[in-house]
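Enquirer: Quick one: this structure, given as structure tokens, is what I'll be asking you about.
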Amino acid sequence: MELFGWEFVPEPQKAVGDCVKSMHFFNKGKTLHGAFLEHDEEYHVINNNPDKPGALPVLPTLCVLDCEETLAKANAIGGKTAVPKTAIGGGMGYFARVIDTEGNMIGLWSQK
């Protein structure tokens, strides 16, 4: 994902399990940072339903240096701000939410 500086391994890996079709690993430099799993279609759910904005089956939330800067970058590459940078209170930092170019909601958290 361009937004976070991740590099994807070119070929997806075959996954083990009933519902996973493939695994797509991503790195940042030489360090493996994780993977996205592609599920069989019968296991798909809608992550961002405009008719039910509070209904999220999964909300991946990532730690970033600055929510506002990350939102600006996301918007510049085709994403949309769903929730602007918002103070959590109690010295717990800030959160925001962005909708990526595929319609997925992603949470952001930063201390500043």
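Residue 78 in my numbering is what sits at position 77 of the sequence shown, and the numbering runs on without skipping anything.
The beta carbon of each residue, even a glycine, is placed where N, CA and C say it ideally should be.
Going by the CB atoms, is the gap between I107 and P61 shorter than 7 Å?
Expert: Residue 61 sits at position 60 when you count from the first residue of the sequence shown. Residue 107 sits at position 106 when you count from the first residue of the sequence shown. Yes, the pair counts as a contact, with Cβ atoms nearer than the cut-off.
Enquirer: Would you kindly work out how many angstroms separate the C-alpha atoms of L109 and S23, rounded to a whole number?
Expert: The sequence position of residue 109 within the sequence shown is 108, counting from 1. The sequence position of residue 23 within the sequence shown is 22, counting from 1. Spanning the two alpha carbons is a distance of roughly 26 Å.
Enquirer: Just to confirm, are E114 and K86 a CB contact at a threshold of 7 Å?
Expert: Residue 114 cannot be examined here, being either before or after the span of the chain that is shown, 2 to 113.
Enquirer: Unbroken alpha helix (DSSP H) runs of length 4 or more, entirely within the stretch 75-101: which are they?
Expert: With a minimum length of 4 residues, no continuous alpha helix (DSSP H) run stays inside the stretch 75-101.
Enquirer: Between the alpha carbons of R98 and K15, how many angstroms are there, rounded?
Expert: On the sequence shown, residue 98 is found 97 positions in, with the first residue counted as 1. On the sequence shown, residue 15 is found 14 positions in, with the first residue counted as 1. C-alpha separation (whole angstroms): 31 Å.
Enquirer: Using only alpha-carbon positions, find the residue among G92, T82, F27 that is nearest to V10.
Expert: Sequence index remark: in the sequence shown, residue 10 carries index 9 (1-based). Minimum Cα distance to V10 is reached at F27.
Enquirer: Could you check if L66 is buried or exposed, using at least 16 other CB atoms within 10 Å of its CB as the buried criterion?
Expert: As a first step, residue 66 must be located in the sequence shown, where it is residue number 65. Looking at its Cβ environment, which holds fewer than 16 other Cβ atoms inside 10 Å, L66 is exposed.
Enquirer: Have a look at G94 and K113 and give me their C-alpha separation to the nearest angstrom.
Expert: To locate residue 94, count along the sequence shown from 1; it is residue 93. To locate residue 113, count along the sequence shown from 1; it is residue 112. Taking the straight line joining both Cα atoms gives about 6 Å.
Enquirer: On the criterion of 16 or more Cβ atoms from any shown chain inside 10 Å, does G80 qualify as buried, or is it exposed?
Expert: Numbered from 1 along the sequence shown, position 79 holds the residue referred to as residue 80. Under this definition G80 is a buried residue.
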